[in-house]
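Working notes for the structure below.
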Amino acid sequence: MTQIANQRALSARDLIVRSPELFRGLPKKLRGLYRVAQQRKNPVNNLASCFELAASKFPDNIAVMFEGQSLSYSDFNRKANQIAHYLEGTGTVKGDTIVVMMENRVELLLCVVALAKLGAIAALINTSQRGNVLEHSIRLVSPKRIIVGEELFDACMAVESALPDGDQSVLWVADKATNDTPKNAYDLMAVAGNQSEQNLPHSEHIRANDPLCYFYTSGTTGLPKAAILTNGRYMKAYGGIGEACIQLRSDDRVYVPLPFYHATAMVVAWSSIVSSGATLVLVRKFSASKYWHDVVSQGVTALCYIGELCRYLVAQAPSDIERENKVRVMFGNGLRPEIWREFKQRFDIDRVHEFYGSSEGNVGFMNVLNLDNTVGFSPVPYAIVQYDLDAEEARRFSNGYMRKVSRGEAGLLLGEINEKSPFDGYTEPEKTEKTILRNVFKQGDAWFNTGDMMRDLGFRHAQFVDRLGDTFRWKGENVSTTEVENVLGQYSGVIDAIVYGVEIPKTNGRAGMAALRFESGQSFDGRALYEYLQAHVPDYAIPHFIRLVDEVESTGTHKYKKAPLKKDAYDPQACGSKVFVRLPKQSNFEELTQSLYLDIMSSKHSF
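Sequential numbering of the sequence shown, starting at 19, is according to the working numbering.
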């Protein structure tokens with residue numbers, strides 16, 4: 019991989035210095051690890067029983083704060099029970115799939131807990147989905163009914179043909195407006211309001227391997243896949259991350275501006291909060307300009323993050339209010355080495371518990387020791403193997419097997435599939451099989467292919483490097499797009515930097531290209547940008563093409579959408595905006611005209 023932000027391997031001294039972290043809250047750590055190990059035998063082995071336990075231990079603690087409202091754990095549990103009793107009365111049983119389509123708000127969480135109490139499966143729809151993609155996601159899970167928020171009802175009705183049939187199959191949840199309930203739907207909160215508030219007995223019959231919810235992940239065809247999350251994997255987050263690692267206090271307030279249709283918020287953050295009886299401070303969407311005002315005014319003491327969020331916050335001008343925060347711990351994934359220490363120092367946050375995991379994966383890492391620039395330690399069987407970027411596959415040697423990388427090297431992360439680390443996969447068996455590598459180290463073994471490049475730091479610790487789809491090979495070297503993006507993101511005036519590989523005729527591999535969005539009024543200086551890059555990255559990692567954009571497309575978790583940019587490549591006509599090129603042996607980016615583009619396509623320039 020590139021040498022940009024290359025984290026050195028860990029030494030024994032690093033672990034000794036941080037060893038006191040192992041003993042911090044040791045009884046709770048041991049309880050969490052025991053819960054993970056005994057999840058299949060423990061009666062508290064599912065989301066429903068976890069929440070009922072919290073309601074009995076912390077009845078008066080605030081469970082959630084949202085837009086000026088708050089609910090205690092006992093009140094939240096009673097409302098979830100009412101919804102569960104109503105759904106049971108309409109024929110919802112264990113194993114049924116119910117689509118839930120709502121923005122971040124209290125009712126979304128109530129519905130998930132209610133369904134969990136019945137053993138039903140919540141299919142959590144990405145709120146940005148529309149049209150064919152939304153129709154595909156609904157049909158994919160064959161739901162018995164759908165629960166949709168008022169704010170998304172029109173989008174849902176636009177794909178009415180995909181909705182389940184039958185009485186009370188569409189349940190509507192009011193939002194801010196005072197509109198009457200649509201004629202073809204039932205007001206869920208109204209019809210559930212007169213139901214029993216008592217716990218249901220069903221949670222006693224839910225097992226660790228029973229599905230809890232479906233998360234939609236991006237598929238190779240452009241249409242989402244539904245990844246299965248079981249109650250057992252929820253318990254691994256509850257015990258392994260919440261109790262054994264982060265260890266929130268019951269008086270903590272945790273700010274989560276991430277979408278709850280993704281596992282970082284729904285599973286990692288919420289399970290950690292519930293495990294300690296802490297308070298979830300919920301907002302609909304992330305806002306960099308409002309972030310620290312929310313954190314300070316709501317008395318927040320803990321943050322859940324993703325890397326893109328941290329990048330946006332660092333890019334904001336320093337303010338007085340950010341220095342008033344009382345945050346003592348943050349946890350999440352994707353915090354890049356280039357801003358790790360800057361973020362901690364600027365916002366005065368001592369503990370950063372980075373983790374690694376995916377909605378569907380069977381391998382996870384957690385930064386238990388509060389080390390910098392690492393996703394931490396993994397207790398489950400995994401391997402980081404050599405990867406051939408030219409062939410875009412793990413490298414197999416003459417004996418037919420793969421080899422692990424050496425300490426300090428990067429490779430493809432695999433998670434061993436066994437009884438203790440099962441791979442639950444997707445709702446489509448063929449999609450599940452495509453992500454499994456077999457006969458990796460011996461005949462008959464099976465490993466989950468994460469599709470992620472990781473660096474082996476030693477002592478079972480690792481550093482996330484990049485998604486393999488965003489890593490390309492150029493001039494015989496491997497280039498990490500994320501690492502180059504971090505360097506470009508620190509260039510004067512750059513708001514967004516998106517790096518990807520593009521093909522040039524009669525060359526091997528892919529040349530680097532960057533789409534840049536500058537601050538308004540900022541002029542582009544091709545020579546100055548080249549000199550900056552030359553000082554910060556190896557020559558082979560400097561992009562050959564620069565595209566200026568006025569806006570960028572991103573997903574609900576603020577990840578850039580690169581596919582349209584890759585499709586346009588560096589064709590000026592396709593891009594519809596200015597494109598610049600660094601020709602061979604040149605130290606400047608000059609504007610790429612259509613004539614020059616045709617010269618490149620006809621190989622008149624030797625890259």
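We put the beta carbon where it would ideally sit given N, CA and C, even for glycine.
From the DSSP output, read off the bridge partner residues of residue i.
i    : result
R485 : D470
N496 : R491
E503 : Paired residue(s): none; E503 is not in a bridge.
V381 : Its beta-bridge partners do not exist; DSSP assigns none.
R369 : V347
K422 : V403
L189 : I165, Y204
D514 : R535
I246 : Y232
I560 : None, per the DSSP bridge assignment.
V597 : R565
L300 : F84, V274
H479 : F395, G476
Taking 7 Å as the limit between beta carbons, can you name the residues of its chain near residue i, skipping five residues before and five after?
i    : result
V301 : N122, P275, D312
T238 : Any reading at T238 must be qualified, since the residue scores a pLDDT of 39, below 50, and its modelled position is unreliable; the value itself is stated next. Taken in chain order, the list of residues that qualify is empty.
L158 : A244, T445
L331 : A306, Y309
G375 : G382
T248 : A226, N227, D228, P229, L230, D442
Going by DSSP in three states, residue i sits in which element: helix, strand or coil?
i    : result
E39  : helix
A306 : coil
A287 : helix
Y374 : strand
R456 : strand
M120 : coil
E451 : helix
S221 : helix
K622 : coil
Q87  : strand
E360 : helix
L389 : coil
G237 : Here G237 scores only 45 on pLDDT, less than 50, and its place in the model is too uncertain to base an answer on.
L266 : coil
R565 : strand
A141 : strand
Smallest Cα separation from residue i: which of the options?
i    : options                : result
S624 : T573, R354, P447, T525 : T525
Q77  : N95, P182, Y615, S337  : The sequence as given places Pro at residue 77; Gln does not occur at that position. Among N95, P182, Y615, S337, the Cα nearest to that of P77 belongs to N95.
S214 : E261, I101, N227       : I101
K452 : S221, F466, K585, E261 : F466
C322 : L105, S620, I291       : I291
P45  : A262, N249, T297       : A262
A296 : D185, F69, G462, F361  : F69
Q591 : Y204, V502, R565       : R565
Q186 : L407, D193, V166       : V166
G113 : L206, H223, A210       : H223
S541 : V520, E549, I522, S510 : S510
E342 : Q316, R354, C328, E356 : Q316
R251 : K362, I522, N63, G394  : N63
L111 : R364, I402, A132       : The question names Leu, yet the displayed sequence has Val at residue 111. Comparing Cα positions, the closest option is A132.
Grab me the residues of residue i's own chain with a C-beta within less than 6 Å of its C-beta, minus the 5 sequence neighbours each way, in chain order.
i    : result
A333 : none
V177 : L152, E153
R346 : T319
H576 : E326
A66  : A134, K135, S221
Q584 : With the sequence shown as reference, residue 584 is identified as Lys, and Gln is not the correct amino acid for it. Excluding sequence neighbours, K584 sits near Y518.
I560 : L551
I22  : Because the pLDDT at I22 is just 39, under 50, the model does not fix this residue reliably, and the point stays unresolved.
R163 : I116, P182, S187
Y284 : One point to set straight first is that residue 284 is Met, not Tyr, in the sequence displayed. Once the five neighbours on either side are set aside, the close Cβ partners of M284 are F278.
Checking 9 Å against the spacing of the C-beta atoms, do residue i and residue j come in under that value?
i    : j    : result
G325 : G350 : yes
S396 : R478 : yes
S595 : D568 : yes
V118 : L89  : no
R485 : G527 : no
K493 : Y558 : yes
L475 : G426 : yes
V191 : M207 : yes
N391 : Q481 : yes
Less than 8 Å between C-beta atoms, sequence neighbours within five positions excluded: which residues of the same chain meet that for residue i?
i    : result
R369 : R346, V347, M348, N388
G433 : G379, N380, V381, V398, P399, Y400, S439, F441, W465, F466, T468
L266 : G260, V272, S290, I291, S293, S294, A296, A320, V347
T282 : L276, C322, I324, G350, N351, T575
M83  : R271, T297, L298, V299, L300, Q316
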